[in-house]
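J.: Structure in structure tokens, see below.
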Amino acid sequence: MISDRDFFVIKPQINEQGKFISLNPVDLFHNSHPLYLEIGCGKGEFIARYSILHPEYNYIGLEAAEKRINNTLKKLTPEQNPNVRLMRLYVDNSICQLFPAESVSGVFIQYPDPWPKRKHHRRRLIQQEFLTSLAMILKPLAQVQITTDNSDYAAWILDEFLAHPSFISVYEELMLKESPFEEHIPTWYESEQRRQGFEPQYMLFKRI
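So for the sequence shown, this note's numbering puts the first residue at 5; every next one is plus one.
Below, the structure written as structure tokens:
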């Protein structure tokens, strides 16, 4: 009998040149449903619940920390979440190697590490090079939802997206204090930060 870990967790494959071998979502899920990515799963609240609300979509959670993969696994079952897979991966500009061009219908990035010290800003995920790679795998009009409670990083994210030729903001009000989605699923981190007085900023961008 296959274990839950073996069912959900997939490993990135590397070719002889040291590059990722592109995944085939149809082979992975045995269907051609739209594919969504969550970059950074945290404790797994979002991907576990959202995949149940929307069984018509497939989801891959990308997470660097093994502990967070394990926390997410505790919230998943093959019976309730057959449309979810997880991959332990430090997401960077090489994301365009992992997925076929224009194969992803949307991306959720919730509370990415803000790397607040100026000397660490180069480690921030949202940079022009990353957005170029992300744009390659997104379908036209695919949306990227980002949430952060760090005001400096929020301004940085907004500047990076608006400076990139492949993205526009969906809303005229560029940063929202409430989620634009009726089915908003607060994560443990969001609930904890709100309790401490921090306010999330929600941004929604579209691939053009």
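Backbone N, C-alpha and C fix where the C-beta goes; we use that ideal spot for every residue, glycine too.
What's the C-alpha gap between Pro-86 and Glu-106?
T.: 23 Å
J.: Going by beta-carbon coordinates alone, are Ile-51 and Thr-76 separated by less than 8 Å?
T.: yes
J.: Sort Gln-114, Phe-134, Arg-122, Glu-70 by Cα distance to His-168 and report the nearest one.
T.: Phe-134
J.: DSSP on Lys-210, reduced to helix/strand/coil?
T.: strand
J.: Just to confirm before moving on: does the CB-CB distance between Glu-49 and Thr-191 stay below 8 Å?
T.: yes
J.: What residue does the alpha helix (DSSP H) around Lys-71 start on, and which one ends it?
T.: Residues 70-77.
J.: Would you mind reading off the limits of the alpha helix (DSSP H) that contains Met-140?
T.: 132-141
J.: If contacts are defined as beta-carbon pairs under 8 Å, then Ser-137 and Asn-74 qualify, I think. What distance do you get, rounded to the angstrom?
T.: Going by Cβ atoms, the distance from Ser-137 to Asn-74 rounds to 28 Å, so no, they are not a contact pair.
J.: Indicate the three-state DSSP secondary structure (helix, strand or coil) for Ile-14 in the structure shown.
T.: strand
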